Amino acid sequence: MSGNIDYTAKPPAKSTAAYVCSPEKALKTILAVEYSNDHSEIIRDELPAIISHWLQDPKADPILLDSSYKDKWTKILSSLGRIEKVGLFPKSTKTADKKVLIDYSGFPLPPVNKKPKFNFIDLFAGIGGFRLALESLGGKCVFSSEWDKHAKETYYSNYGEIPFGDITNFTHTNPNDSAAPEKIPNHDILCGGFPCQPFSQAGRQLGFDDARGTLFYDILTIAKTQRPKVLFLENVKRLRGHDKGRTFQVICNALEEIGYTVYSKVLKAHDYGVPQNRERIFIVAFSEPRSFNFPEPRKYQLYNNLGDILEPDQDEQYTISDKLWEGHQRRLREHKTKGNGFGYSLFTEEDEYANTISARYWKDGSEILIAQKGKNPRILSHRECARLQGYPEEFVPHASKRHGYQQFGNSVAVPVITAIGEEIIKSLRTKQTKIRKSRQ
């Protein structure tokens, strides 16, 4: 029955005999049926994610559910196509159910890799920076998770997939529960930018058990259960010195304790094509001993300077008010008097790069203000923030000013992920010889 349904990223030909259905309609139709049935609390809460994931891989069993649901949902959509074609009460009882084609062409960044080179999961997914990069390298996302509802809205509006919510629903359970690590689809690469959290002070070994109670422990739990070939993780630069270096030591030791070879390095986004001084630490860990080198800087170039991402004659809504500008200048004077470096940062289009954009940028824009002739400085627009993080022009930011800025501030710089991803794939394809650990 599953052969009756497929998906497409391109507009279907008008001559197609299949019933063409939008993902939105398919999702609403199946949800209407399932919400009337009994399900566990977790499955009921996650039904939108379960169904939207399945629509992008209809030959697979739905996550958290058995194969009977695949057949059931295929029949629902196929019958829907037949009803729309010949009516609710056809004259012939032999009328066949229609083949269904889920049309993702209306989404900016639809699923494209039906025959992927590798599969990956997108944890702490945000707005999909890892997904964009790894899909561009031929990968297919088979599972995504993000707890923030506004980030999930942006994710869906761009990729047509609703991420699952709290990842701990999958990791704080046992194999017999409706949700467990075993229920996450098999994958080659686990990726995610996990939160920086202090670890327990009770442990002495600085390893796996010390990570309990943190979201990194959930990554470890999935890795220990699923054994992906690669863990591809991102965090703030200060992770290395967090808690006097103890946090980073626990992370590396815990990964090695479950059999992974660990590499890490701090990379700067402006070395990989975007005009932003964003430094982040990246951790790449292999389930089997492999040599690995992080990508060399300056190999990639999307933009030459800050001016390349700026819109000329930007709308007045981005120019800061007299009150805010006076406040920025006053605080800068106060900070200088106290001898610290805090204050606003002013840039022009000639500058090579800007500061790191943060999740607080929506408040006052102080870390990146753009100078304007004859008027107050302005903040970046959502589109300019997207470019600053290496997102393509077709990417659609969140409609809310606040949430849009927060999401870009929390995101990864996509070109850096792409560059590292290329080296990961190269390492997986290369016959391994001498292993060299690298914690730079």
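Under the UniProt record's numbering, the first residue of the sequence shown is numbered 1, with each subsequent residue one higher. Think of the CB as a built atom: it goes at the ideal place given N, C-alpha and C, for glycine as much as any other residue. Remember, predicted model here, so these are calculated numbers, not experimental data.
Buried/exposed call for A17, threshold 16 Cβ in 10 Å: exposed
A26 burial status per 10 Å Cβ neighbour count (16 or more: buried): buried
Residue burial classification, Q276 (beta-carbon count within 10 angstroms, cutoff 16): buried
Continuous beta strand (DSSP E) stretch holding F282: start and end: 279-286
Boundaries of the alpha helix (DSSP H) in which A413 is found, first to last residue: That residue, A413, is in no alpha helix (DSSP H); it is neither H nor E in DSSP.
Exposure label - K140; buried when at least 16 CB within 10 Å: buried
Endpoints, the alpha helix (DSSP H) within which Y217 is located: 215-226
Buried or exposed by the 16-neighbour rule on C-beta atoms within 10 Å, applied to N119: buried
Proximity to A125 [Cα-Cα], best of K117, V112, W147: W147
Whole-angstrom distance between R82 and V412, CA atom to CA atom: 44 angstroms
Residue burial classification, G421 (beta-carbon count within 10 angstroms, cutoff 16): buried
For S427 and S291, the rounded distance between their alpha carbons: 7 angstroms
First through last residue of the beta strand (DSSP E) which encompasses G138: First-last for G138: undefined, no H or E at that position.
Minimum C-alpha distance to E393 - residue among V33, L310, I42: L310
Any 3 or more C-beta pairs closer than 8 angstroms across the region 230-241 and the region 186-195: yes
Assigned secondary structure, D308 (DSSP; H/G/I helix, E/B strand, else coil): helix
Proximity test, S40 beta-carbon vs the ligand ADP heavy atom, cut-off 7 angstroms: Ligands are entirely absent from the displayed structure, and the ligand ADP is therefore not among its contents.
Meets three-Cβ-pair contact criterion under 8 angstroms: the region 396-404 and the region 259-266: no
Rounded straight-line distance, which links the Cα of K323 to that of A9: 48 angstroms
Separation of P377 from K333, as counted between CA atoms: In the sequence on display, residue 333 carries Arg and not Lys. Using only the alpha carbons, I get a separation of about 17 angstroms.
Neighbourhood of E350 by C-beta distance below 8 angstroms, restricted to the same chain and skipping five residues each side: N305, L306, G307
Under 8 angstroms between C-beta atoms of T168 and D218: yes
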